[in-house]
Structures are given as C-alpha cells and as structure tokens.
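Okay, so the sequence shown: first residue is 18 according to our numbering, each after it adds one. Backbone N, C-alpha and C define an ideal beta-carbon position, used for all residues, glycine too. Structure first, commentary second.
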Amino acid sequence: MVYKADYKSHGKVYSKNEEIDNQSFMLFENLEWVKCDEAAFILRKSVGAIRTAVCRGQIKATTYRRRLYFKRKYLNYLLETSPSKGGF
C-alpha cells in the first residue's frame, strides 16, 4: 500500500515498509515556513502558548486554511533578540 506522504520530489514512490534515505528528509529541514507545532518546538513552548502569543500580537503568523504558519527566520530572530538572558 502506498501512502500520500511517501511521494518524494524525485518521483519515486516508496511503500510503508521500505527504508528511505536521509537525503529525502533534508528537503524538509530547509523549509522556509513551519507549522505551529514545529514553531513550538523551535521556541521550546507549548502549542497553546504559541497560539496565545499570536492572538495577543506578540508573534507574527500567517494563516492559510485555518492553520498558522511561521517563517523560520523570524523564529530564529525572536530567539536571538529575546530580552531574557539564560545562564546561571
């Protein structure tokens, strides 16, 4: 059985039991837009906290078909310019 997620950009189709090389997963690491759960992982917050921050206007997001999308560069910028400092 072939699943929709198993189609890759180079046209090959993989079955669920086949091993997929790491090169095909490199494509997803370079995406410019990330979904809410990936943004929560990057910022080390919960999905609910991310959605609340978007609602309050603290984080900019783009909606498409009722889903939130964030630019990866913007999330990295938020981490770099954070007013709170880590450390001991």
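Excluding sequence positions up to five before and after A70, its CB lies within less than 7 angstroms of the CB of I76, all in the same chain and listed in chain order. In the three-state reduction of the DSSP assignment, R84 falls in the strand class. Excluding residues up to 5 positions away in sequence, T79, Y86, F87, K88 and R89 lie with their Cβ nearer than 8 angstroms to the Cβ of W50 in the same chain.
Under the three-state reduction of DSSP output, K90 falls in the helix class. A Cβ-Cβ contact shorter than 9 angstroms links I59 with N93. When rounded, the separation of the alpha-carbon atoms in L95 and Y81 is 22 angstroms.
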